[in-house]
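For the sequence shown, the working numbering assigns the number 24 to the initial residue and increments by one for each residue that follows.
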Amino acid sequence: MNTSKSITAIVLIAGIAGAGWWLSSPKAGDPGSPAQQETAAIAQGAPMVEVRLPDSLSGRAQIGQRAFEVTCAVCHGSNAAGREGIAPPLVHRIYEPGHHADEAFQRAVQYGVRAHHWEFGNMPPVEGVTRADVMAITAYIRELQRANGIN
């Protein structure tokens with residue numbers, strides 16, 4: 024075999040091997056690639072919406088904020104911004120008063136909610152939360168909604 028044919032054969036074999044490696048290696052956009060898995064892990068639980076806070080909260084909403092952070096934020100996120108893959112944002116037009124009245128929050132806490140607007144699964148009832156607690160939490164959510172143009 025002459026030198027030029029040997030070099031051509033080596034280049035061809037290297038090219039085929041390189042192409043095989045490149046085709047079989049995970050890419051940044053492939054599901055299951057390390058980069059995608061890292062992005063998914065970061066996104067899981069991330070806030071779903073950006074919530075502008077009002078300049079001040081009423082006394083009842085301040086009480087509601089404390090109760091929300093202890094009772095609801097683990098699922099619905101800080102300031103009701105939702106948590107990606109976990110629970111929806113309550114600062115969202117779906118939860119505006121004309122669509123979900125204050126009593127809807129009472130019933131959700133007392134009885135739970137069958138999934139119907141979002142694909143997070145059903146919300147279970149929340150034990151140990153009183154009607155007064157939910158009224159204060161709802162006042163907090165409503166003030167957050169108004170601060171974000173949801174009336």
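Glycine included, C-beta positions come from ideal geometry on N, C-alpha and C.
Predicted model, so just to flag it, every value in this text is computed and none were measured.
- Item | Between the CA atoms of valine 152 and histidine 115 - distance to the nearest angstrom | 23 Å
- Ordered along the chain, which non-local residues of its own chain (more than five positions away) have a Cβ less than 7 Å from that of glutamine 88? Leu80, Tyr163
- Report the three-state DSSP secondary structure of alanine 69 (helix, strand or coil). coil
- Just checking my contact of histidine 122 with leucine 113 at CB under 8 Å: how many whole Å lie between their CB atoms? Not a contact, Cβ separation roughly 12 Å.
- If we count the other Cβ atoms within 10 Å of its Cβ and call it buried at 16 or more, is valine 157 buried or exposed? buried
- Hey, out of Ile173, Ala96, Gly105, whose CA is closest to valine 10's CA? Nothing can be reported for residue 10, as the shown portion of the chain is limited to 24 through 174.
- Taking the C-alpha atoms as reference points, what is the distance between isoleucine 160 and glutamate 166? 10 Å
- Taking C-alpha atoms, which residue in Ala155, Gly172, Ile173, Asn174 lies nearest to alanine 84? Ala155
- Task: Give a yes or no on whether the C-beta atoms belonging to glycine 68 and isoleucine 109 are separated by under 8 Å.
- Result: yes
- Message: I'd like the list of long-range same chain contacts for serine 47, defined as Cβ closer than 7 Å, with 5 residues on each side in sequence excluded.
- Response: Only weak support is given to the placement of serine 47: the predicted model assigns it a pLDDT of 48, under 50, and the value that follows is read from those uncertain coordinates. Cβ within range, chain order: n/a, list empty.
- Message: Considering only the alpha carbon of each residue, which of Thr94, Asn171, Ala127 lies closest to glutamate 150?
- Response: Thr94
- If we count the other Cβ atoms within 10 Å of its Cβ and call it buried at 16 or more, is glutamine 133 buried or exposed? exposed
- Leaving out the 5 sequence neighbours to the left and right, which residues in its chain are closer than 7 Å to glycine 135 when beta-carbon positions are compared? Asn145, Met146, Pro147, Pro148
- Of all the options Ala66, Pro70, Val74, which has the alpha carbon lying nearest to the alpha carbon of alanine 170? Val74
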